[in-house]
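What follows is a single structure, written as C-alpha cells, with notes after it.
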Amino acid sequence: MIKNYIYNQILLLNHNTYWVLEINDKGYTIINSFNIKFFLINNNNIEKLKIFEKINLEGIIRNNVFTEITKLRIMNNWDPRYYIFNLMINWDKIYKNFIFPILYGVNINYENHIFKNASNSGIIHLLIISGLHFQILFLFLQKVFKRKLIWITYSILFLYWLMCFKTVSVNRAFITVFVKFILSKWVKDQKTQFLFIFGFTILITGNLDIFKPGYWLSFVLYLIVSSSDNNVNWKSIFTNYFVFWCISTSIQLFWKNEIYIISWFISIFVTPLFEFLFLMANIFVIFPPILKFLYLTCEFILTIISNNSIVIYNIWWIQVFFSLISVLLFFAHFLKKNRK
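Counting along the sequence shown from 1, when you hit position 22 you're at 22 in the UniProt record's numbering, and nothing is skipped either side.
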C-alpha cells in the first residue's frame, strides 16, 4: 500500500512527462517515471528530439504507441545525463553505437547486428541481465582502491548507477553492493542480507516489471553467486562459473523461440573475454580510438560465432528439458553447500 501510494504521487507529479531513451529511423522510444516504455512514431510534425530529452506529451495511445499527438512540449531538463550523453554523441558516433547501449543501457537498437548476435549467443543476457557487469566493475574498483580509499569505489559505483537506465538487474546489483556495505557490521547472515536486498529492489521496481523474466533471472543468479564457495582455487572458480552459466542458459532458453546451439555453448568460453572488454570500455571511456578497437573486437568475435551456429526452434519438450536441468542444478548447488 505504501509503495502504491508513493508511486501514485510520483505519477501525479510527472503526469504526461516522458524521457527519450532510444532514437531510430522509425521514431522514439520514450519512458515515463516508472520506466514503462512507449513508442513515438517519427513524422514531420515532431520536432527532432535528443537522448534523455524531457517532454510533456499528450495524445492517443494504442498498445503503448502514440498514434496521434495533441500536444508535445520540450521541458526544462536538469538531468545531467541529457547533457553528458548528447555531448559525447556529438564527439564521436562510437558512443551512440556501442558505449551507451553496452555500459548504460541507453539508445539500444536491437536491430543493430552486434546486439542481435550478442542476444542470440546468450552473452548479453548472462553479462547484463544478471547484473554481473555491475559486480565486475565493483570487484575491479575494490582491487584498485583499498582500505582508506574504499569510499572512492562506492562513489564511482554510485555515479555509474546514476548514469544507467534503471533496469531490475541494475537496481538489484546496485542495492546488493550498498546494502552489504551498510549491513556488514550488523548482519552477517547471507540469507538475511538477501531478504533486505530483495525487499529494497521490490520497493523501487515498477509493479509491471515483476512479471518480466529478467526480474526473476536476476535474483536467481544472485542467489547462486552469493552462495558460491569463497575458495579462490581454480577448480572452485570453474565449478561455480559452470553452474552459473548452466542455470542462466537453461532459464533463458525457456522463453526463447529460437536456440542458436553452437553460440550458446561457445558463450561459456567467450563471456569472460566480454567481461574483460566491458572493464576496458569503462576504464577508457573517454578515449574513442581504444573504444573503436574494442567495438571491432566484439563485432569480429560475435560475427564468427553467429555465422557458425545451428538454429533450432524451441518446442515444448525442449523447454521442459531445460527447465528440469535448471531446477536440478539449482537445488544440487544448494544441497551441496548445506552439507559442507
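Even for Gly, the Cβ is constructed at its ideal location relative to N, Cα and C.
Bear in mind that the values here come from a model prediction, so they are computed numbers and not experimental data.
Item	Value
Could you tell me whether any Cβ in chain D is nearer than 8 Å to the Cβ of residue 142?	No chain D appears in this structure, which consists of one protein chain only.
Between which residues of its own chain and residue 96 is the CB-CB distance below 7 Å, once the five residues before and five after are set aside?	89 and 107
Quickly, what does DSSP pair residue 19 with across the bridge? List them, please.	31 and 54
Tell me the residue span of the alpha helix (DSSP H) that contains residue 39.	No alpha helix (DSSP H) holds residue 39; the beta strand (DSSP E) holding it covers 37-41.
Quick check: the region 70-80 against the region 275-284, are at least 3 beta-carbon pairs closer than 8 Å?	no
Residues in the same chain with beta-carbon distance under 7 Å from residue 347, minus the five sequence neighbours each way, listed in chain order, please.	Because the chain spans 1 through 340 in this model, residue 347 falls outside it and cannot be assessed.
My output table needs one value for residue 285: the three-state DSSP class, helix, strand or coil.	coil
Considering only C-alpha positions, which residue in the set 167, 105 and 138 is nearest to residue 181?	138
Using only alpha-carbon positions, find the residue among 264, 294 and 170 that is nearest to residue 306.	264
Within a Cβ cutoff of 6 Å, which residues of the same chain sit near residue 69, ignoring the five residues on either side of it in sequence?	59
Considering only the beta carbon of each residue, do residue 64 and residue 34 sit closer than 8 Å?	no
Rounded to whole angstroms, what is the Cα-Cα separation between residue 84 and residue 287?	15 Å
How many Å lie between residue 268 and residue 261 at the Cα?	12 Å
Using the three-state DSSP reduction, which class does residue 66 fall into: helix, strand or coil?	strand
According to DSSP, residue 294 sits in a beta bridge with which residue or residues?	Bridge partners of residue 294: none, in fact.
Say yes only if the C-beta of residue 306 is nearer than 7 Å to one or more non-hydrogen atoms of the ligand FAD, and no if none qualify.	Ligands in the displayed structure: none, and consequently the ligand FAD is not present.
Consult DSSP for residue 59 and reduce its assignment to one of helix, strand or coil.	strand
Quick one: what's residue 74 bridged to in DSSP?	55
Counting only the same chain and skipping the five closest in sequence on each side, list residues whose C-beta sits under 8 Å from that of residue 295.	94, 97, 98 and 114
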